[in-house]
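Contents: one structure, followed by commentary.
Numbering (the working numbering), first residue to last: -3 to 164.
Written as structure tokens, this is what we have:
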């Protein structure tokens, strides 16, 4: 089987929805709205990066990246997530491949950095670290992570696109 990481195509929307639902179905810390967030970001034209992982043309993973705002006015920051891999294909490096591809796709966009909410033990290997300088209200301490992609050092409250409030 051959893994390909590629840009989302319009025909992938239903598969991305199914992958996202399945990936988060048994997750312990989720609101089970991830698929709604991806769909709302797509409808709003706010998916800066939307990559799929395909095994022999079947979509088995997806990652979304969208702009965030920071209260100090820092520009060029993005939020990564949700990231999803079908449970039957997890722990095979597909998520890591999606992460590397998403971060690589940000660089030519002159991105200043990327944030996410997730397990620090997993995301640390991609350069993400918790920082007191960037705050996501309500996030558990140590789970809101950032990776700078240039020498900027923003300080403030991070706000995701309104699509992150989607519930259907």
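Ideal Cβ placement from N, Cα and C applies to all residues, glycine included.
Model, not experiment: these values are computed from the prediction.
Cα-Cα separation between residue i and residue j, rounded to whole angstroms
i           : j           : result
residue 241 : residue 118 : Given that the chain is displayed from residue -3 to residue 164, the structure contains no residue 241 and the question cannot be resolved.
residue 114 : residue 134 : 13 Å
residue 51  : residue 19  : 16 Å
residue 126 : residue 157 : 21 Å
residue 105 : residue 84  : 33 Å
residue 69  : residue 32  : 28 Å
residue 141 : residue 53  : 32 Å
residue 88  : residue 80  : 13 Å
residue 121 : residue 128 : 19 Å
residue 164 : residue 148 : 36 Å
residue 152 : residue 108 : 15 Å
residue 15  : residue 162 : 18 Å
Residue i versus the options, residue with shortest Cα-Cα distance
i           : options           : result
residue 67  : 130, -2, 146      : 130
residue 99  : 154, 132, 145     : 145
residue 8   : -2, 34, 21, 27    : 34
residue 82  : 95, 44, 49        : 49
residue 159 : 116, 87, 43, 150  : 43
residue 65  : 150, 161, 16      : 150
residue 63  : 41, 80, 163, 13   : 41
residue 154 : 116, 95, 76       : 76
residue 11  : 47, 28, 24        : 47
residue 17  : 78, 107, 128, 1   : 78
residue 2   : 95, 132, 136, 108 : 95
Counterpart residues of residue i in DSSP-defined beta bridges
i           : result
residue 2   : 48
residue 66  : 154
residue 140 : 113
residue 74  : 63, 110
residue 130 : 152
Exposed unless 16 or more other CB atoms sit within 10 angstroms - verdict on residue i
i           : result
residue 22  : exposed
residue 26  : exposed
residue 101 : buried
residue 57  : buried
residue 36  : buried
residue 13  : buried
residue 91  : buried
residue 24  : exposed
residue 38  : buried
Contact check, residue i vs residue j, beta carbons under 9 Å
i           : j           : result
residue 139 : residue 111 : no
residue 93  : residue 5   : no
residue 97  : residue 59  : yes
residue 61  : residue 45  : yes
residue 116 : residue 124 : yes
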